[in-house]
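Engineer:
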Amino acid sequence: MSNIVNKLYQNNTIIYKVILFLVATTAIVYLFPKGGQFKYDFSNGQLWKYENLYAPFDFAIQKNEEEITLEKQEIEEYSKLYFLHDSEVKNKVYAVYENKISLIKESDDFLSVNQILSLSVMGRDVIDTIYQKGFLEVASPDRVSSENEIVAIRKGNEVEDVVFKSFFTSKEVLELIRSSFETEQTSYGKKVMLDLLSEIIKPNIYFDTAYTQKVIENEIKKISYTKGKVESGKLIILKGDTVEGKKLAILNSLKSEFESQVWTASNYNWILFGYTILVSLALLMLLLFLKKYRRGIFDDNNKVTFIFFNVFSMIFIQTLVIKYNSDYVYVVPLSILPIVLKAFFDARLGLFTHVLTVLLLGYIVPDSFEFIYLHIIAGIVTILTVSELYKRANLFISVAQITLIYMLTYFAFSIIKEGNVSQINWTYFMLFAANGLLSFLSIILIYMYEKVFGLVSDVTLLELSNTNSKLLRELNEKAPGTFQHSMQVANLSEAAANEIGANSMLVRTGALYHDIGKILNPMYFIENQSTGVNPHNDLSPRDSSKIITDHVIKGVELAKKYKLPDRIIDFIRTHHGTSLTYYFYSKEQELNPDSKVDIDIFKYQGPIPFSKETAILMMCDASEAASKSLTKPTALSISDLIDKIIDKQITDNQFINSNITFREIEIIKKVIKKKLMNIYHLRVEYPE
């Protein structure tokens, strides 16, 4: 049992990666849409590049969205309008009319009884005439195309077709009332009846919006979504034919039918198995890439988790958009992935991860080739343009370039497919602009990832390299010589890193902090001995060597106390590697000529540099410190000294883990020599 526990403990990082791999694969497969995949890739206007295609089974030709929308519009435009006849209106109007006539008889002194009776009969005739044809509530509803349109009028459960112009409108009712009393001799009688009838007559025909809409909806439900049938074995398209018109409609119908038939209960497990293989291969390639080319990242489970989390996040967001509305597929800023990974790691890893993510997404998005091409090109542009995020203008310029590439590439695809610019969907250009704006979220994400995953970006490095920070200010106050040495090493390291394409901001920041351990015992280091008193004179070589080598361990402790990132602590740990404090080792041998001195006591504990940046710091640190020992720093003496120091480091195998080439080492040598010669150049001797 104890052996099993020990093996589990020894292989805990591998076990964690296996679990992470399985969880990520399962989660991504779960996100994939549950539908079959058509085995032919085609688009409008392209040539059919496959063999002659025959119908594998009987299927219906489906209408496209445009055709269905057009049919719906025609139904809404040409459907019969329904009006409601209210029979109670006439009775109510008659009741009011009789009441008003009675009041006129009792109170009006200007009209005789015979005149009132005559006018009353004429008024009843007008009311009968109006309600026999019908009085429309509005002059002309917006949906009536012409006065001669046939409309339906509902009287209870009966429906009757009539010509729309047969209804009375308000204007026509008023004209009828006036003309009906035209023969009346007294103008007073005319006015009384005109006012009375105008007041009491109300519409009895209303446009029945709800019933009309119900009829339209019923008609829409009857729409056929197919327009023909293709029988099994019938030729669909020949190799080399252009995919367009009816052939395009048939192919789209076959694709839809195929995908719906493939994803059945019997095939469910097999298709899931296929999805799992595809996703597993992609994630496995990512792990193998890390193991072979980024071993430091591969061994760090925190960083591997961070990379997998970002891949899953991009796939998750993209699948959500596809499920909501695939028209917005290009609004998702996938360029955030290479921006973030380049900020924390390097361009090569960022591009590799981005390509794998896009390939996985290409399997579930419409127009997969176009999608993959667009995003891979945009990812390459992202890697080539995004740099030095701590400079505010850089990200703006890069995002503008990425957005422009998106637009140009989509424009090219559109004119290839459509043959002209008139059919381009300009909405996509707005989506690409939105994509560019969302890419600025990478700055916020980088800050959040730094806090959550403990990573460090160039923005953080810029903040740490500020010499007014608390720790560097303390170094300047307590060990001013060491501070000046660190500044010189930082300048040398930055120049060397720029020459070989390493991370100059990282190596500069690491150089500023590499000797902070000397704060605790500053006077034991010669650069801080301003009084000429050397405390090592009172110590044994062994004790002196221990104080010197301990500045690395104390520096690491101090860095952790001030919560410096691990990438900066790496420079403190490795800047001396496993080199020897040769001066004290020689003194110990002189004091003990007859005994063998244990050389390991006088060595730094390491580790040796494991990146180009840490290797650069080791070379620049040793070179700058040694150059102070030259009494007459000439170009020749500086060159010989630098060659001896760095060649000794190579001989001692200090750079075997740092992935740096001999060519790059030679370039670094030249940079160091040039910089030191500029520092120690002779000035004009001024007269006293």
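Here the sequence shown is numbered in our numbering, starting from 762 and rising by one per residue. Beta carbons are placed, not taken as given, at the ideal position from N, Cα and C, and that holds for glycine.
Is it right to say residue 1053 is buried, meaning 16 or more other beta carbons lie within 10 angstroms of its own, or is it exposed?
Structural biologist: exposed
Engineer: At the level of alpha carbons, what is the spacing between residue 876 and residue 895?
Structural biologist: 28 Å
Engineer: Taking the straight line between their C-alpha atoms, what separation do you get for residue 1328 and residue 804?
Structural biologist: For residue 1328 and residue 804, the distance between alpha carbons rounds to 49 Å.
Engineer: Please state whether the Cβ-Cβ distance between residue 1377 and residue 1251 is less than 8 Å.
Structural biologist: no
Engineer: Tell me which residues share the same chain as residue 1115 and place their Cβ nearer than 6 Å to its Cβ, disregarding the 5 neighbours each side in the sequence.
Structural biologist: Counting only residues of its own chain and dropping the five nearest sequence neighbours on each side, residue 1115 has a CB closer than 6 Å to the CB of 1098, 1099 and 1140.
Engineer: Pairing CB atoms from the region 1375 to 1394 with CB atoms from the region 1419 to 1436, are three or more of them under 8 Å?
Structural biologist: yes
Engineer: Mind pulling the alpha helix (DSSP H) runs of 4 or more residues that sit fully within the region 1135 to 1180?
Structural biologist: 1153 to 1179
Engineer: For the pair the region 933 to 943 and the region 803 to 820, tell me if three or more CB-CB distances fall below 8 Å.
Structural biologist: Because the criterion of three Cβ pairs below 8 Å is not met, the region 933 to 943 and the region 803 to 820 do not touch.
Engineer: Just verifying my parser: in three-state terms, what is the DSSP assignment at residue 991?
Structural biologist: strand
Engineer: Using the C-alpha atoms, what's the distance from residue 878 back to residue 863?
Structural biologist: Their Cα atoms are separated by approximately 10 Å.
Engineer: Figure out for me which residue from 1198, 1169, 1200 and 1196 has the closest Cα to the Cα of residue 1185.
Structural biologist: 1169
Engineer: Could you tell me the distance, in whole angstroms, from the CA atom of residue 1340 to the CA atom of residue 1379?
Structural biologist: 10 Å
Engineer: Can you tell me the Cβ-Cβ gap for residue 1058 and residue 1106, rounded? I've got them flagged as a contact below 8 Å.
Structural biologist: 6 Å
Engineer: Counting Cβ pairs, one atom from each stretch, are 3 or more of them under 8 Å apart for the region 1402 to 1417 and the region 1275 to 1283?
Structural biologist: no
Engineer: Check whether the Cβ atoms of residue 1415 and residue 1338 sit closer than 8 Å, and answer yes or no.
Structural biologist: yes
Engineer: According to the neighbour-count rule (16 or more other Cβ atoms, all chains shown, within 10 Å of its Cβ), is residue 820 buried or exposed?
Structural biologist: Its Cβ being crowded by 16 or more others within 10 Å, residue 820 is buried.
Engineer: For residue 1088 and residue 1318, I'd like the C-alpha separation in whole angstroms.
Structural biologist: 54 Å
Engineer: Looking at residue 1102 and residue 1071, is the spacing between their C-beta atoms short of 8 Å?
Structural biologist: yes
Engineer: On the three-state DSSP scale, how would you describe residue 1297?
Structural biologist: Here residue 1297 sits in helix by DSSP.
Engineer: With DSSP as the reference, identify every bridge partner of residue 921, one or two as the case may be.
Structural biologist: As DSSP reads the structure, residue 921 sits in a beta bridge with 914.
Engineer: Whole angstroms are fine: how far does the CA of residue 846 sit from the CA of residue 917?
Structural biologist: 8 Å
Engineer: Leaving aside the five residues before and after residue 966 along the sequence, list all residues of the same chain whose C-beta is less than 8 Å from its C-beta, in chain order.
Structural biologist: 844, 845, 846, 847, 895, 896, 897, 898, 914 and 928
Engineer: Can you tell me which of 1293, 1110 and 1118 puts its alpha carbon nearest to the alpha carbon of residue 1080?
Structural biologist: Among 1293, 1110 and 1118, the Cα nearest to that of residue 1080 belongs to 1118.
Engineer: With DSSP as the reference, identify every bridge partner of residue 998, one or two as the case may be.
Structural biologist: 814.
Engineer: What's the gap between the Cα of residue 1218 and the Cα of residue 1211?
Structural biologist: 8 Å
Engineer: Give me the DSSP bridge partner(s) of residue 845.
Structural biologist: In the DSSP output, where bridge partners are listed per residue, residue 845 has 915 and 967.
Engineer: For residue 955 and chain B, any beta-carbon pair shorter than 8 Å?
Structural biologist: No chain B is part of this structure, which consists of one protein chain only.
Engineer: Since residue 823 sits in a beta bridge, which residues does DSSP pair it with?
Structural biologist: 987
Engineer: Residues bridged to residue 1364 by DSSP?
Structural biologist: Its beta-bridge partners are 1341.
Engineer: Is residue 930 helix, strand or coil when you go by DSSP?
Structural biologist: coil
Engineer: Per DSSP, what kind of secondary structure is residue 1281 in: helix, strand or coil?
Structural biologist: coil
Engineer: Can you tell which of 822, 1155, 1147 and 958 has its C-alpha closest to the C-alpha of residue 991?
Structural biologist: Taking each of 822, 1155, 1147 and 958 in turn and checking the Cα distance to residue 991, the smallest one comes out for 822.
Engineer: Could you tell me the distance, in whole angstroms, from the CA atom of residue 1162 to the CA atom of residue 1437?
Structural biologist: 40 Å
Engineer: Report yes or no: do the region 1219 to 1231 and the region 1268 to 1275 share at least 3 C-beta pairs separated by less than 8 Å?
Structural biologist: yes
Engineer: For residue 817, I'd like the list of residues in its chain whose CB is within less than 6 Å of its CB, leaving aside the five on either flank, ordered along the chain.
Structural biologist: none
Engineer: Three or more C-beta pairs closer than 8 Å, one from the region 1321 to 1335 and one from the region 1284 to 1295: is that the case here?
Structural biologist: no
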